[in-house]
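Residues 1 to 104 in this note's numbering are what the sequence shown lists, from first letter to last.
Scroll down for the structure; my scribbles are underneath it.
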Amino acid sequence: MGEIPLQDPSLIVDLHAQAPKVGAKGTAAEARKAAEDFEAFFLAQFIDRMFADLPTDGMFGGGQGEKVFRSLLSQEYGKVMARTGGVGIADSVYREILKYQEIE
């Protein structure tokens, strides 16, 4: 069996260049986007748990395909809900991000 080099130059990534700078400030638009993304994720998880208890009867119901479809559908529902006002999580997270990063 051939040896795998542990320090293959093609695999080395400059993590310092890719990592966000500590203390770097984003814009208010970036903070809003992050807050909405968080709310969309939270709502998708919530909706996914609700879908888990729905019956999957019938000839075309159930299976791995339906699980994947329901998961994707939950994600899209979460995105739409967050984009159209959501339940207020994004607003709270947005205010905290602004306060934490001292963005005006």
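Beta carbons: idealized from backbone N, C-alpha and C, even for Gly.
**Prompt:** Among the residues of its own chain, which have a CB less than 8 Å from the CB of V87, if the five just before and after it don't count?
**Reply:** Taking the sequence shown and counting its residues from 1, the one referred to as residue 87 is at position 87. Closer than 8 Å at the Cβ level, and outside the excluded window around V87, lie E39, L43 and M81.
Checklist entry - Helix or strand or just coil, what does DSSP make of G88? => result Here residue 88 is taken as the residue at index 88 of the sequence shown, counted from 1. Three-state result, G88: coil.
For A35, which residues from the same chain have a beta carbon less than 7 Å from its beta carbon, with the 5 sequence-adjacent residues on both sides left out? Start at 1 with the first residue of the sequence shown, and residue 35 comes out as number 35. If we look at A35 and ignore the five residues flanking it on each side, its Cβ neighbours are A90, V93, Y94 and I97.
Margin query: Considering Cα atoms alone, identify which of E66, K33, R32 and E30 is closest to A52.
Written below: Residue 52 sits at position 52 when you count from the first residue of the sequence shown. Among E66, K33, R32 and E30, the Cα nearest to that of A52 belongs to E66.
Notebook entry, point to check: With a Cβ-Cβ cutoff of 8 Å, do D57 and S71 count as a contact?
Noted result: Residue numbering aside, residue 57 sits at position 57 when the sequence shown is read from its first letter. Residue numbering aside, residue 71 sits at position 71 when the sequence shown is read from its first letter. The answer is no: Cβ separation not under 8 Å.
For this session: Classify G78 as buried or exposed, calling it buried when 16 or more other Cβ atoms lie within 10 Å of its own Cβ.
Result: For the purposes of this step, residue 78 is taken as the residue at position 78 of the sequence shown. When all chains shown are included, G78 counts as buried.
- Query: Does DSSP classify D128 as helix, strand or coil?
  - Reply: The chain is shown only over 1 to 104; residue 128 falls outside these bounds and no answer can be derived.
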